[in-house]
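Numbering (mature numbering (1 follows the signal peptide of the UniProt record, and there is no 0)), first residue to last: -19 to -1, 1 to 341.
From the three backbone atoms N, C-alpha and C, an ideal C-beta is built for every residue, glycine too.
Since the model is a prediction, treat every value here as computed from it, not as a measurement.
One structure below.
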């Protein structure tokens, strides 16, 4: 009887131990299973943040907004474009960028000239970016440290009346403007205190030195060259035959040529080793401490490309590429080798001299 009781007791203890072990294992499994399940569930993906960029531009909206739309489509980067009014297009945007310097709104400034861009550089408002796309752009048209890059543009040109001058008698050099071959009164230029004629004066000062540059314009004045109110007036005088040679810009000259007027464009000093012809390009730059620097670099790469120069020539906004060997449909012009920064540095000196020589 005692043996049966002992056996029963042993069986009971064994049952209790087995049950306890089973419960313990179940409990352990129960705490691990949710962790395994939690780890196996995929993480919820966060929605990708929309990429955007704010671009200030002095370029006419009819041209620039088409470029912005295509950039958005190709890159997925939304462009917030800021334009300015016609009367103070470039200076207004420059002042806006400077006023926002402590908290920049603008990422990229696409300018239709270079003087105000260099003003921003001198004010410390830009940050450098050396784009690989700019490798084939001549040194004259980009900042050595990457603060700005020029691309495309227009050029100065002599507009010759073909009824007054036979082709073999056409001028080929800017020095022909002070040559006895052409009477002074048969030539017209715009006042060199303003616009691109002012830029031309500064470019000659940079290329030749202030003394030789001043001597050139003193000769212009002494010869009785007609000094008129703007490039369009110069163009009109050449078209009408009031002068045989007008010194103007390609945008005005092309209008006359395309209208079938008896005129032809001549680009100066194109021979090997020659001075070259002034080109007035667009520029693009990135604003210091801008909110979207990566997107800004992407736009710079996009806008300065040869493909974009070709497109803007096709849109009749640019007249030429600044890449000397580019295969484009626009005008083929060998530019001056003097850097645009050097031209800018001569503006004040040249302008003071032009005021002294030509002020009415």
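| Check | Outcome |
| --- | --- |
| Nearest to residue 267 (by Cα), restricted to the options 183, 131 and 327 | 131 |
| Residue from 331, 340, 41 and 321 with nearest C-alpha to residue 124 | 321 |
| Entirely enclosed alpha helix (DSSP H) segments - the stretch 60 to 125, minimum 4 residues | 70 to 80 and 96 to 103 |
| Contact between the stretch 143 to 163 and the stretch 293 to 300 (3+ Cβ pairs under 8 Å) | no |
| Reduced DSSP category for residue 325 - H, G, I as helix; E, B as strand; rest coil | helix |
| For residue 247, the residue or residues it bridges with in DSSP | 139 |
| CB-CB length for residue 78 against residue 61, believed under 8 Å | The pair is not a contact, with the Cβ atoms about 15 Å apart (cut-off 8 Å). |
| Cβ-Cβ separation, residue 309 to residue 285 (assumed contact under 8 Å), whole Å | Actually they do not touch by this definition, with Cβ atoms about 14 Å apart. |
| Integer Cβ distance of residue 317 from residue 184, believed to fall under 8 Å | 6 Å |
| Endpoints, beta strand (DSSP E) assigned at residue 37 | 33 to 38 |
| Environment of residue 357 [buried if 16+ CB atoms lie within 10 Å] | This structure gives no information on residue 357, because the portion of the chain shown stretches from -19 to 341. |
| Endpoints, the beta strand (DSSP E) within which residue 227 is located | 226 to 230 |
| Residue 256 (DSSP reduced to helix, strand or coil) | coil |
| DSSP-derived helix/strand/coil call for residue 263 | strand |
| Span of the beta strand (DSSP E) around residue 223 | Unbroken run through residue 223: none, as it is neither H nor E. |
| DSSP beta-bridge partners of residue 237 | Looking at the DSSP assignment, residue 237 forms no beta bridge with any residue, so it has no partner. |
| Boundaries (first-last residue) of the beta strand (DSSP E) holding residue 171 | 168 to 171 |
| Same chain, Cβ closer than 7 Å to residue 222, neighbours up to 5 away in sequence not counted | 142, 144 and 145 |
| Beta-carbon proximity of residue 378 to residue 319, cut-off 8 Å | Within the shown structure, residues of the chain are numbered from -19 to 341, placing residue 378 beyond reach of any answer. |
| Span of the alpha helix (DSSP H), counted from its first residue to its last, around residue 201 | 191 to 203 |
| Close beta carbons around residue 167, own chain, < 7 Å, minus the five adjacent residues each side | 224, 225 and 226 |
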